[in-house]
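A.B. asks: First residue of the sequence shown? That's 363 in the working numbering, and the numbers climb one at a time after it.
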Amino acid sequence: MSTIVVGVDGSDTAVKALEFALAEAKLRGSEVKAVSAWHVPAAAYESGWAPVPLDIGDFEKPAHDALEASLEQAGAGESGVSVTPIVRQGQAAEVLVAEAKGADLLVLGSRGLGGFRGLLLGSVSQQCAHHAPCPVVIVPHPPKED
363 MSTIVVGVDG SDTAVKALEF ALAEAKLRGS EVKAVSAWHV PAAAYESGWA PVPLDIGDFE
423 KPAHDALEAS LEQAGAGESG VSVTPIVRQG QAAEVLVAEA KGADLLVLGS RGLGGFRGLL
483 LGSVSQQCAH HAPCPVVIVP HPPKED
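#1: Is the separation between the beta-carbon of isoleucine 512 and that of serine 487 shorter than 7 Å?
#2: Give the DSSP-derived three-state secondary structure of glycine 442 in the structure shown.
#3: Over the uninterrupted alpha helix (DSSP H) stretch that includes lysine 388, give me the two end residues.
#4: Note down the Cα distance separating threonine 375 from alanine 396, rounded to an integer number of angstroms.
#5: Going by CA-CA distance only, name the one from Ser364, Lys378 and His492 that's closest to glutamate 434.
#6: Do you know how far the Cα of valine 402 is from the Cα of serine 364?
#7: On the CB-based measure, 16 or more other CB atoms within 10 Å of its CB, does glycine 439 come out buried or exposed?
#8: On the criterion of 16 or more Cβ atoms from any shown chain inside 10 Å, does glycine 480 qualify as buried, or is it exposed?
Shown next, in the form of C-alpha cells:
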C-alpha cells in the first residue's frame, strides 16, 4: 500500500494539509502518516548556575495534543483512510524528511506556527521541498476572511 506523509503542527494550514492528504489518500487508496515533531528549545537549558529539571512531557504533550486536535478537525476518523499518528522528537524538517523515506508523497502547509508571519513559505516547508526523498505538495495558507 502506498503512503502519504503529512506534517501537522496544530496550525490552520496544517489542518488544510491534512485534509488534502486524506482526500488524496482516498483517491489513491493510500494510507496516511500524520507526523508531528517536537524538541526541547535550547533556551530551556540556559538556566544559569543551578540547573532546572526539565520534564520532557512539557514539550512532547503539546505535540500529541495538537496532532489529535488536528486529526479530529480534519475528520480523519470519518475519512475511511487508514491514519497512523506519529509524534517524534527532533527538528520538524528533519523528522518529516526521515518519515518521508519510502513514501509516495509528502504534504505540508505553506507555513505553520513559526514566528515570521509575513513569509509566504515557512522554513520547514522550504527545507522539506529541498530535501524530501519524494514529491512534495505545499498547501497554501487559507485566505483571510474579511
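Don't be surprised by glycine CBs; every beta carbon is placed ideally from N, CA and C. Since the model is a prediction, treat every value here as computed from it, not as a measurement.
C.D. replies: In short, the structure shows the following:
#1: Past the boundaries of the shown model lies residue 512; the chain is included only from 363 to 508, so the question cannot be answered.
#2: One-based indexing of the sequence shown puts residue 442 at position 80. Here glycine 442 sits in coil by DSSP.
#3: Locating residue 388 in the sequence shown gives position 26, counting from the first residue. Note, lysine 388: alpha helix (DSSP H), 374 to 390.
#4: The sequence position of residue 375 within the sequence shown is 13, counting from 1. The sequence position of residue 396 within the sequence shown is 34, counting from 1. In a straight line, the C-alpha of threonine 375 is about 14 Å away from that of alanine 396.
#5: Here the question's residue 434 lines up with position 72 in the sequence shown. Distance from the Cα of glutamate 434 is smallest, within the candidate group Ser364, Lys378 and His492, for Lys378.
#6: The residue labelled residue 364 in the question sits at position 2 within the sequence shown. The residue labelled residue 402 in the question sits at position 40 within the sequence shown. The alpha-carbon atoms of serine 364 and valine 402 are separated by roughly 32 Å.
#7: If you number the sequence shown from 1, residue 439 lands on position 77. Label assigned to glycine 439: exposed.
#8: The count along the sequence shown starts at 1 and reaches residue 480 at position 118. Note that glycine 480 scores a pLDDT of 45, beneath 50, so its modelled location is shaky; the value from the coordinates is reported in the next line. Result: exposed.
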